[in-house]
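Participant: Counting from 1, one number per residue, gives the positions in the sequence shown under UniProt numbering.
Pasting a structure here, questions to come.
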Amino acid sequence: MARRGAVKRRWWSDLPADLLAAIHLRCYSTYDRARFAAVCRSWRAAASWHPARPPLPLLFSWTGDRKRDRNIRAYSPVDGRALRVVLPKVLRGKKFVGSYDGGWVAATSRRERDTQLLIANLFSTRVQVALSVNQRNIVCACPDAQFEELDNARASRAPVVQVIFSDDPTSSGCILAAITKRCKLAVCRVGSPENIWTTRGCGLYRERELVDIAFCNGQLVGLTLGGDLYKYDVGQNQNGALAITLVRQIPNEAPQLDCLARYIVELRGELALVLQLNGSTFWVLQLNEAASGKILWGRVTTLDDHALFLGPHSSKLVQVSTAGRHDGRMKENHVYYLMRQQDNLAGHKERVTRLGLGSCNVYRENRGMHQCMENITSEGYHYKDDNGNGCMWLLPSKLC
C-alpha cells in the first residue's frame, strides 16, 4: 500500500502521445530525431508515427592530410553544431570531387600521378562501391588525343575535377560522369566492371571547357564558362560500351552578366542556370524550350519551400520545411553557397565567424542573410583552398 502523501513516480516512457508529438516536431535536425528515437521504446514508436523529413545538407570539409583528417567535423547549418565524422582510412588524405544523397562521396588522390577514384559512404561502416582497375583510373581514349611524352600510359591519365551520379551508386544502372583536367567529359557505368571510361573532348576545339555538369530528366548536361549549354546522350555502342553523343548546343542567350560562378541544377523538372553575380547576389534562370524549338529563359524569383545549396563540387536543391521551428537558422527560399576566399579572413572578426571543424578553415558570414529586391536571399560560407583543402555540401542518410 502506497504511503499517504507519497508522490507517484512518472517515467519518460509514460508521457502522453500528444506531448511526444510536440517534442518530436521540435526535433528538426536529423541527429536530434535519432536521439529522440533512442530514448526508449515508446519514444521510438512515437517517432515512427510521423513521416521522416527530408535530410538537409551538412557542410563537409577536408584537409588532404591523413593525420588532420582524423578529426574531421561536419557543420550542420540547422542547429549550428559541428558533428564528428569518422572518416574511413581509405578516404583520409584524399580530395573529394563529388557527392550523392545518403552520404555517398567520390574521392581521388591530391597527386595527379595517382588518379585512382574511390566511391564510399561516410555514414555507413565499410561501405564502398567496388570499382575495377579500369574504373578506378580515367584514361583518355579520345580518338584525336596526342601525347607528347614518351610514357603514354602516364600522359593519358585524366585527373578528376568533378564527379556526378545519375542514380544511387549501389544500383547497377548508375552512371558516373566526370569533368577531368585532360578530357572535357568522361562517363562510366558502375555496374559493369568490364567497361572502361568513355572520354570526350580532346581535339574538339569547337566545344568549350566545362565548369559544371548535371543529370536532368535522365540527360547529361554540361555548362561552359561562357554560359553555353551542351546536352549529351549517353548510350551504348555495338560493343556494349558507353558512348557520348552531343545532341544539342544551346548558346548563351541569357542576360550577359559578369559572374563569379555559374551552376546548373534541376528545378521543378526543368534545367535551371544559377548565376552568382557577386559575393551575395544570385540570379536563377529556368530553361524553357518552346514547341517551335525556341529557347526561352525565365527569371525565377522564388524557390517556394526549397533552398539551393551551391558549391564547386556539388549543388543541390533541397526541400526545407520550417513547420514547428523557432530557431530561424535555416530557411526556405534561400541560397546557401560555398566560396573560395583569396584573402585571409582570420582578421575580419566583424565580418565572419570561424567554424570549429577540425579541418580546413571555414568561415560563416556574420552579416546574416543578404536580400535585394527581386533577388533570392543568400548566405555565404567561405574557405581557403590551400594544399588540398576543400568544402562541399553532403546530404546524410535518413537516420529516422
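Glycine is no exception: its CB is placed at the ideal position from the N, C-alpha and C atoms.
1) Give the secondary structure of Arg70 by DSSP, where H, G and I count as helix, E and B as strand, and everything else as coil.
2) Considering only C-alpha positions, which residue in the set Ile244, Ser99, Ala46, Leu176 is nearest to Leu310?
3) Applying the criterion that 16 or more other CB atoms from any shown protein chain within 10 Å of the CB defines a buried residue, is Thr245 buried or exposed?
4) Would you mind stating whether Phe96 and Ala106 have Cβ atoms separated by less than 8 Å?
5) Give the straight-line distance between the Cα atoms of Pro55 and Pro396, rounded to the nearest whole angstrom.
6) Please go through the region 181-269 and give each complete beta strand (DSSP E) segment of 3 or more residues, from N-terminal end onward.
7) Can you tell me whether Leu150 is buried or exposed? The criterion is at least 16 other CB atoms within 10 Å of its CB, across all chains shown.
8) Taking buried to mean at least 16 other C-beta atoms within 10 Å of its own C-beta, is Trp283 buried or exposed?
9) Per the DSSP calculation, Gly390 is bridged to which residue(s)?
10) Beta-carbon within less than 6 Å of Arg92's beta-carbon, same chain only, minus the 5 sequence neighbours each way: which residues are those?
11) Using only the alpha-carbon positions, how far apart do Leu296 and Gln135 sit?
12) Quick one: residues in its chain with C-beta nearer than 8 Å to the C-beta of Ser124, no 5 flanking neighbours on either side, listed in chain order?
13) Can you tell me whether Asp18 is buried or exposed, with buried defined as 16 or more other CB within 10 angstroms of its CB?
14) According to DSSP, what are the bridge partners of Met339?
15) When DSSP builds the beta bridges, which residues end up paired with Ala34?
16) Assign Ser156 to buried or exposed, taking buried as 16 or more other Cβ atoms, counted over all protein chains shown, within 10 Å of its Cβ.
17) Could you check what DSSP says for Ile23 in three-state terms: helix, strand or coil?
Facilitator: Taking the structure as given:
1) helix
2) Ser99
3) Exposed, because fewer than 16 other Cβ atoms sit within 10 Å of the Cβ of Thr245.
4) yes
5) Here the alpha carbon of Pro55 sits roughly 7 Å from the alpha carbon of Pro396.
6) 185-189, 198-200, 210-216, 219-224, 229-236, 242-250, 261-267
7) Residue placement at Leu150 cannot be trusted, given a pLDDT of 41 that sits under 50; what the coordinates show is reported in the next sentence. Its Cβ having fewer than 16 others within 10 Å, Leu150 is exposed.
8) Under this definition Trp283 is a buried residue.
9) Trp62
10) Arg66, Asp69
11) 39 Å
12) The beta carbon of Ser124 sits closer than 8 Å to those of Gly103, Ser397, all from its chain and outside the five residues before and after it, given in chain order.
13) Looking at its Cβ environment, which holds fewer than 16 other Cβ atoms inside 10 Å, Asp18 is exposed.
14) His382
15) Beta-bridge pairing links Ala34 to no other residue.
16) buried
17) helix
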